[in-house]
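Residue numbers (our numbering), protein chains in the order written: chain A, 29 to 285; chain B, 68 to 376.
What follows is the structure, encoded as structure tokens:
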């Protein structure tokens, strides 16, 4: 199947520094892609460029049209972006925050449509945040806030979801909950790209893995071809042991090299 | 429509509609423009405060903390002190708007996209001090000491003796500022997620910043040009309404404008009712009440941050 969002040899510079170097990315509907790499590899910069938030050299195409040709709202209806950090500046209710996911769909003066309401309800349910939908978001724990942030991105119902470290502050159970949500979102037809640090979860959930180091995607493909002991040692500088977990070969880093 | 001349409410209302006699002059030519100006300027200040708070995602933002009224005052004093233009010409509001535009625009540039509250407050303090020094310099070297004195009093912020001409000069700018600021309300809601997420939702950050800076400059510049600097309404009005309408920064805007109107009308009625030889300046009153409220809010914020940590 052809890619809904594809980047051909894109490079991104911040100031004078080249952060991403000739990266090639293809995101397909129905597929959960995972971007991994050490700190400072350029993962966030790449994902922001794919979201259209940073200017990039090279070609980024959304639905086979150049990304820069979309006006911001048209782009926002197609690409949902979940930034790192789960920032909420005002103590708005969880429901109001999640409803922001409908922002690109709405007419500024119209009240929410039935579709808006269903999308918000579904996003709350998928992330198990319905029970505190009326609470101020600033009063929640870190893990709850992370799920609310994800719910906000899901509520857009965009065909592309770009999530930057969506499980970073979550406990073990909620990491799995969120990974399942991302996989379900892909199964329902979206193209999902998530930045992860957890090699084991990447191996268990990814349909496609992109391994990034020093601004370049050093290798990409299926989990079994990318997440090998050799590659992991080269890129992360750790020795990893491969174990069988849930039917997948999962790397378990145990020693810094 | 209250004032030192002893008129019963019924007499005042009768005079407003008939315009007859001394009571007619008091109500129609003295009290009516003053009340309308207070209402319009109060709304503008409340709305400007709510908009700056929405843009910077901080409940402590307010035009005066960014030196907007101070810069407007400096520019307007320059025109009045050196240009010998009467205070009712268009030169003063236009100079005021230019001054406010420079200061708010300068602050947004200096403080940048992701500035912390500390940077914003320090940059605002620097701009306000600079504008204050510029005003002092203008008064210092003003060619005519009487004009200098007049300007100094006008700077304190007052609605005393404002005519219908003042109202007609300021009103178009104030209304234009409302329109610009109202256009940005929805973007503030998305900005609660931070600038990156807001941009990913389709918010045009450059346009939003430009609208807020221009809107605040138009409103505050014109308000300062006719009424001097009246501080802290923009800080207190959104704060008061947030308790009742919640923290949604778009939903705060209209109530903040109404609360600004109520606050400035109340302050102006208070200065008119306090018996004294020289009428108290309303800008002095709002600052005397506003600064303690501001400090209380800072301590409230600090507690919140500590409890969140």
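Yeah, the Cβ is synthetic: ideal placement off N, Cα and C, and Gly gets one too.
Owing to the predicted nature of the structure, the values given are computational and were not obtained by experimental measurement.
Query	Result
Indicate whether the contact test is met: 3 or more Cβ pairs, each with one atom in the segment 353-367 of chain B and one in the segment 137-151 of chain B, closer than 8 Å.	no
Can you confirm whether residue 128(A), when its beta carbon is compared against all beta carbons of chain B, has any partner nearer than 8 Å?	yes
Just to confirm my understanding: we take residue 219(B), look at its own chain, exclude 5 residues before and 5 after, and list those with CB closer than 8 Å. What are they?	206
List the residues of chain A that residue 276(B) touches, going by C-beta distances under 8 Å, in chain order.	Simply none; closest approach about 15 Å.
Would the beta-carbon of residue 192(A) fall within 8 Å of that of residue 223(A)?	yes
Kindly say whether residue 120(A), judged by its beta-carbon, lies nearer than 8 Å to any beta-carbon of chain B.	yes
Report the rounded CA-to-CA distance for residue 265(B) versus residue 257(B), giving the unit in angstroms.	5 Å
For residue 282(A), return the contacting residues in chain D, with the cut-off set at a CB-CB distance below 7 Å.	Absent from the structure: chain D. Protein chains present are A and B.
For residue 315(B), which residues in chain A fall below 9 Å Cβ to Cβ?	118, 120, 121 and 124
Taking a Cβ distance cut-off of 9 Å, strictly less, list which residues of the segment 170-185 of chain A are near chain B, in chain order.	177, 180, 181 and 184
Can you list, in chain order, the residues of its chain whose CB lies under 7 Å from that of residue 274(A), leaving out five sequence neighbours each side?	232
In terms of residues, what are the limits of the beta strand (DSSP E) holding residue 50(A)?	45-55
Report the neighbours of residue 74(A) on chain B: residues whose CB is nearer than 7 Å to its CB, in chain order.	Under the 7 Å cutoff, chain B gives no residues; its nearest Cβ is about 14 Å from residue 74(A).
Which stretch, first to last residue, makes up the alpha helix (DSSP H) that contains residue 244(A)?	Note, residue 244(A): premise wrong, no alpha helix (DSSP H); beta strand (DSSP E) at 244-249.
Which first and last residues belong to the beta strand (DSSP E) in which residue 39(A) is found?	33-42
Verify the CB distance criterion: does residue 259(B) have a CB-CB separation below 8 Å to chain A?	yes
Are the Cβ atoms of residue 189(A) and residue 181(A) separated by less than 8 Å?	yes
Alpha carbon to alpha carbon, how far is residue 170(B) from residue 139(B)? Give it in angstroms, no decimals.	8 Å
Put residue 170(A) into one of helix, strand or coil per three-state DSSP.	helix
How many angstroms separate the CA atom of residue 167(B) from the CA atom of residue 201(B)?	14 Å
Check for me: the alpha helix (DSSP H) holding residue 109(B) runs from which residue to which?	99-123
Against residue 263(B), what residues of chain A qualify as contacts under a CB-to-CB distance less than 8 Å, listed in chain order?	76, 81, 109 and 111
Mind pulling the chain B residues with CB within less than 8 Å of residue 103(A)?	269
Curious, which full-length beta strand (DSSP E) runs of at least 3 residues does the segment 195-237 of chain A contain?	219-223
Is the number of C-beta pairs between the segment 46-56 of chain A and the segment 234-254 of chain A that are closer than 8 Å three or more?	yes
Looking at residue 209(A): is its Cβ nearer than 8 Å to the Cβ of residue 198(A)?	no
Comparing C-alpha positions only, which one of 194(B), 347(B) and 109(B) sits nearest to residue 176(B)?	194(B)
So what does residue 260(A) bridge to, in DSSP terms?	Answer is none; residue 260(A) lacks a bridge partner.
Using the C-alpha atoms, what's the distance from residue 68(A) back to residue 285(A)?	18 Å
Starting from residue 87(A) and walking both ways along the beta strand (DSSP E), at which residues does that stretch end?	85-90
Assuming residue 288(A) is part of the beta strand (DSSP E), what are its boundary residues?	Outside the modelled stretch of chain A, which goes from 29 to 285, sits residue 288(A), for which no answer is possible.
Under a CB-based cut-off of 8 Å, is residue 310(B) close to chain A?	no
Could you check the C-alpha separation between residue 79(B) and residue 233(B) for me, to the nearest Å?	22 Å
What residues in the segment 317-351 of chain B bring their beta carbon closer than 8 Å to a beta carbon of chain A?	none
According to the neighbour-count rule (16 or more other Cβ atoms, all chains shown, within 10 Å of its Cβ), is residue 120(B) buried or exposed?	buried
Judging by CA-CA distance, which residue of 74(B), 107(B) and 102(B) is the nearest neighbour of residue 91(B)?	74(B)
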